[in-house]
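J.: Supplied in structure tokens, the structure appears directly below.
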Ligand code: 13P
Ligand code: SF4
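Residue numbers (our numbering): 1347 to 1649.
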């Protein structure tokens, strides 16, 4: 059944000049049929550089919005419109404006894991990989970072600037405790611990490397070490293991599963292609402001 669906998907992708993108956390069967896998920003940027007319984004809503922001002339589809990000939903343009009126005017650095409308109200975007470079590129000495408080605290450890943070968090990464990591290290004493900056500060303090999902893929490949404890959503274990069949990867915790990232099935992808649903189109006024924040970031880091 799955094989038939995968074949139908590949045929339709060709016929419709469509490209299939899968985030590193997507289920293995989705990553297996994707044209491109990676983190959300790199996928959107690479898709923008292709001739494809349609982008099918297997991930969560803010990722499809980012694709629409950078590829306004392409049709962007998300197979599951109910695949959202609880952290991105922890801030709205209104709540951001209220906070700024309390704090006074200052640059707003917004993580790409956010809605298009929040990006549109921000000075500049950042990713988990470039947050320190982005923060340090600003001339102001006080900054508001949204929506992830853990990423903001990580940035604060890399700058002399005063970082005000939004109290948002990724429920999956924030639940990884220091004790779970210590237990994992005890069980796998030779393994290096890779942690995503969405984890709490006390967890990052135990890490051998603090990395984005793409950073973890590179680090594991380049490292001479044979085993790793993975401090991020469990979906990343699949591409890590595929790329490094002779190395061992252990979950830092058994409960790091993002349900939203697991919603998309092959039949959802097939339906998206057959019915051209669900289209994600960022309105032009919001897109213009949001793309400015994204391009400012790209101007600094190139990624
Ligand atoms: P990156 O893949 O950009 O590191 O993001 C992690 C994440 O939580 C995406 O939802
Ligand atoms: Fe959002 Fe966290 Fe899920 Fe990523 S893993 S989509 S940040 S809830």
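Heads up, the beta-carbon is just placed ideally off N, CA and C, and yes, glycines get one too.
1) Looking only at its own chain, which residues have a Cβ that is under 7 angstroms from the Cβ of residue 1452, when we skip the five neighbours before and after it?
2) State the beta-bridge partners of residue 1430 as determined by DSSP.
3) Who are the near neighbours of residue 1418 in its chain, counting only those whose CB is closer than 7 angstroms to its CB and skipping five residues on each side?
4) If we ignore side chains and look at the alpha-carbon of each, how far apart do residue 1396 and residue 1447 end up?
5) Nearest by alpha-carbon distance to residue 1611: which of 1369, 1421, 1393, 1425 is it?
6) Cutting at 6 angstroms between CB atoms, please list the residues of its own chain near residue 1358, excluding the five before and the five after it.
7) So the beta strand (DSSP E) residue 1594 belongs to, where does it begin and stop?
8) Sort out for me which residues DSSP pairs residue 1404 with in a bridge.
9) With a cut-off of 8 angstroms on the beta carbons, I'd call residue 1597 and residue 1583 a contact; round off their distance for me.
10) Relative to the C-alpha of residue 1476, which residue among 1463, 1505, 1570 is closest?
11) Taking the continuous alpha helix (DSSP H) assigned at residue 1379, which residues delimit it?
12) Nearest-angstrom Cα distance between residue 1441 and residue 1635?
13) Using only the heavy atoms of the ligand SF4, determine whether one of them is closer than 6 angstroms to the beta carbon of residue 1472.
14) Are the Cβ atoms of residue 1422 and residue 1434 separated by less than 7 angstroms?
15) Run the CB neighbour count on residue 1533, radius 10 Å, all protein chains shown included, and call it buried at 16 or more, exposed below.
16) Note down, in chain order, each residue of its chain lying with its Cβ closer than 7 angstroms to the Cβ of residue 1449, except the 5 sequence neighbours on either side.
T.: Based on what the coordinates show:
1) Taken in chain order, the residues that qualify are 1486, 1488, 1489, 1490.
2) For residue 1430, which the question treats as bridged, DSSP gives no partner whatsoever.
3) 1633
4) Here the C-alpha atom of residue 1396 lies approximately 41 angstroms from the C-alpha atom of residue 1447.
5) It is 1425 whose Cα lies nearest to the Cα of residue 1611.
6) 1619
7) 1594-1597
8) Answer is 1368, bridged to residue 1404.
9) 7 angstroms
10) 1505
11) 1374-1379
12) Rounded to whole angstroms, residue 1441 and residue 1635 show a C-alpha spacing of 18 angstroms.
13) no
14) Contact flag unset, no.
15) Exposed: under 16 other Cβ atoms inside 10 Å.
16) 1490, 1510
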